[in-house]
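Engineer:
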Amino acid sequence: MLAAADFAPPFVREDAGLADSGIARVALLGSGTVGQAVLDRLHCWRGTDRGAALRLVYAANTRLALRDSAGLDPLLTKSRLVDAPSAASGCESGALARALGSRGVRILVDASADGGVATRHPELLRAGIHVATACKLATGTSLALWEEIGAACADSGVGFGDRATVGAGLPLLRSIRELCAGGDRIHAIAGIMSGSLAWLFDRFDGTRPFSALVREARNAGFTEPDPREDLSGEDVRRKILILARAAGFALASEEVKVQSLVPPELATLPLCQLDEALSRIDAPISAMLSRAREQGRALRFVARFAPGRASVGVEAIGAGDPLAGGGGTDNRVAIWSDRYANQPLVIQGPGAGPQVTAAALLDDALGLRAAALARSWNGSGFPLSRE
Ligand SMILES: NC(=O)c1ccc[n+]([C@@H]2O[C@H](COP(=O)([O-])OP(=O)(O)OC[C@H]3O[C@@H](n4cnc5c(N)ncnc54)[C@H](OP(=O)(O)O)[C@@H]3O)[C@@H](O)[C@H]2O)c1
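If you want it as structure tokens, here you go:
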């Protein structure tokens, strides 16, 4: 685990040549499904301009930290991190900050799922380290943390890349920000934002119990190992918070009304007892399906935001609804704004999965580097020279 000292300002002498070269130093946290896909992508980039732009100097999970200022080999790093025994203790205090140094473009790629790391993003940003994250816990939970991250970016002139947090890189946050930058006010956002819940409701036609589909989705890796994390709606709450906040609304977590599909008696069960009790979710969901069908509608798990109103839960959607369509694990999001007042902008596509998420993280890392270099060239930012 990273200690607070991991984020302390570095104190060792660093390679000034690298700092001045425009090559970004990158630290990766996490070697789970997303972290491994990041390392695979970095491996594929070897020998290309993209590969030369980002130098992986630090990579860690909770069991092992690896560091090399000359650049870590991505595939070797992947196998060492994945195979690290749980007893290994490689996370030397201050290692992340020392590996990144104190000059030049420095980027943390956060592919951990750790709230402790997320709460330290402001500290890193204030130390001049850009952050690209897939973890929703930084900007999709407490309003105070979201505000702190914004203030840290503004004060230190560094960037926070969040395109992997919602829709795994689908152009959702980007579109909202571009509409706002162009003078539009966002009127409303609605979407199917959970790949697992999209798959479940797409497949649920009443021929099999909903709980059987949940087991199938879990076995196929569409849900978290504990499917209650998906069924509770909490993950979708974080996503609508991130989108609404990107649209300029300081929405607090408790302002989003969430309909959980997990009955209270299941919420506290140990995971090992869940399978046996899962069929208790079936009756209410079957009743919802019958009602929806009487109206010629289909069930979907939908997040909605409009100023003053935000909700997450099951809805009966008619064929003409902007959220109808799509299939499988697709995300589908509709955005209403001044220019899209009557007919919304609709964005649809694969919104989960390690490869698209890793691609989004590295798109952000490249973008953060490019923006930092552009600032240095016009004399307003980092002590860098062109590569
Ligand atoms: N999977 C997707 O399709 C997807 C899509 C969008 C966003 N995301 C987000 O991406 C993040 C990663 O997802 P995942 O599926 O790869 O998760 P995962 O498989 O559970 O992997 C999490 C990784 O983070 C490491 N980790 C946890 N705390 C850490 C710390 N303090 N320092 C360093 N490493 C730490 C873990 O270390 P150990 O290996 O030692 O346990 C593990 O390697 C999550 O926030 C998730 O919500 C995932």
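So the sequence shown is numbered by this note's numbering: it starts at 1246 and just counts up by one.
Positions of the beta carbon are idealized from the N, C-alpha and C atoms, including for glycine.
1. Thinking G1296 and L1613 are a contact (beta carbons under 8 Å), I'd like their distance in whole angstroms, please.
2. Within the continuous alpha helix (DSSP H) that includes I1437, where are the two ends?
3. Please name the residue or residues paired with K1381 in a DSSP beta bridge.
4. Between the beta-carbon of V1279 and the beta-carbon of A1372, is there less than 7 Å?
5. Once the 5 residues before and after T1364 are set aside, which same chain residues still bring their CB inside 7 Å of it?
6. Please report the distance separating the alpha-carbon of E1474 from that of D1429.
7. Going by DSSP, what residues sit across from L1273 in a beta bridge?
8. Using three-state DSSP, classify Q1588 as helix, strand or coil.
9. Considering only C-alpha positions, which residue in the set G1427, L1388, G1267, A1619 is nearest to A1489?
10. Measuring only the C-alpha atoms, how far is A1617 from E1500?
11. With respect to 6 Å, is the separation between the Cβ of G1633 and the closest non-hydrogen atom of ligand 1 below this value?
12. Taking all protein chains shown into account, decide if E1560 is buried (16 or more other Cβ within 10 angstroms of its Cβ) or exposed.
13. Does the beta-carbon distance from F1633 to L1458 come in below 7 Å?
14. Give me the Cα-Cα distance between G1570 and A1564, rounded to the nearest whole angstrom.
15. Counting along the chain, where does the alpha helix (DSSP H) carrying D1285 start and finish?
16. Nearest CA to the CA of D1575: which residue from L1445, F1494, G1360, T1322?
17. With the cut-off set at 7 Å, would you say V1503 and R1482 are in Cβ contact?
Structural biologist: So, from the listed chains and residues:
1. Within the sequence shown, residue 1296 is the residue found at index 51, counting from 1. Within the sequence shown, residue 1613 is the residue found at index 368, counting from 1. No, G1296 and L1613 are not in contact; Cβ-Cβ is about 16 Å, not under 8 Å.
2. Locating residue 1437 in the sequence shown gives position 192, counting from the first residue. Careful: I1437 lies outside any alpha helix (DSSP H), inside the beta strand (DSSP E) at 1431-1437.
3. Counting from one through the sequence shown, the residue named residue 1381 turns up at place 136. For K1381, no pairing in a beta bridge is given by DSSP.
4. Counted from its first residue, the sequence shown places residue 1279 at position 34. Counted from its first residue, the sequence shown places residue 1372 at position 127. Here V1279 is not near A1372, since their CB atoms are 7 Å or more apart.
5. Reading the sequence shown from its first residue, position 119 is the one you call residue 1364. Only L1390 meet the Cβ criterion.
6. If you number the sequence shown from 1, residue 1474 lands on position 229. If you number the sequence shown from 1, residue 1429 lands on position 184. Answer to the nearest angstrom: the Cα atoms are 35 Å apart.
7. For the purposes of this step, residue 1273 is identified with residue 28 of the sequence shown, where counting begins at 1. Bridge pairing for L1273: A1304, V1354 [DSSP].
8. Within the sequence shown, the letter at position 343 stands for residue 1588. Annotated three-state conformation of Q1588 is coil, per DSSP.
9. Walking along the sequence shown from the start, residue 1489 turns up at place 244. The option with the nearest alpha carbon to A1489 is L1388.
10. Along the sequence shown, one-based indexing puts residue 1617 at 372. Along the sequence shown, one-based indexing puts residue 1500 at 255. For A1617 and E1500, the gap between their C-alpha atoms comes out near 36 Å.
11. Because the chain in this structure spans residues 1246 to 1632, residue 1633 falls outside the shown range and cannot be described.
12. Taking the sequence shown and counting its residues from 1, the one referred to as residue 1560 is at position 315. Buried, by the Cβ-count rule.
13. Since the first residue shown for the chain is 1246 and the last is 1632, residue 1633 is missing from the structure and cannot be characterised.
14. As a first step, residue 1570 is located in the sequence shown; it is residue number 325 there, counting from the start. As a first step, residue 1564 is located in the sequence shown; it is residue number 319 there, counting from the start. G1570 and A1564: Cα-Cα distance of roughly 8 Å.
15. Counted from its first residue, the sequence shown places residue 1285 at position 40. Residues 1278-1289.
16. Reading the sequence shown from its first residue, position 330 is the one you call residue 1575. Ranked by how close their Cα comes to the Cα of D1575, the residues L1445, F1494, G1360, T1322 have L1445 in first place.
17. Along the sequence shown, read from residue 1 onward, the residue named residue 1503 stands at position 258. Along the sequence shown, read from residue 1 onward, the residue named residue 1482 stands at position 237. In contact: V1503 and R1482 (Cβ atoms closer than 7 Å).
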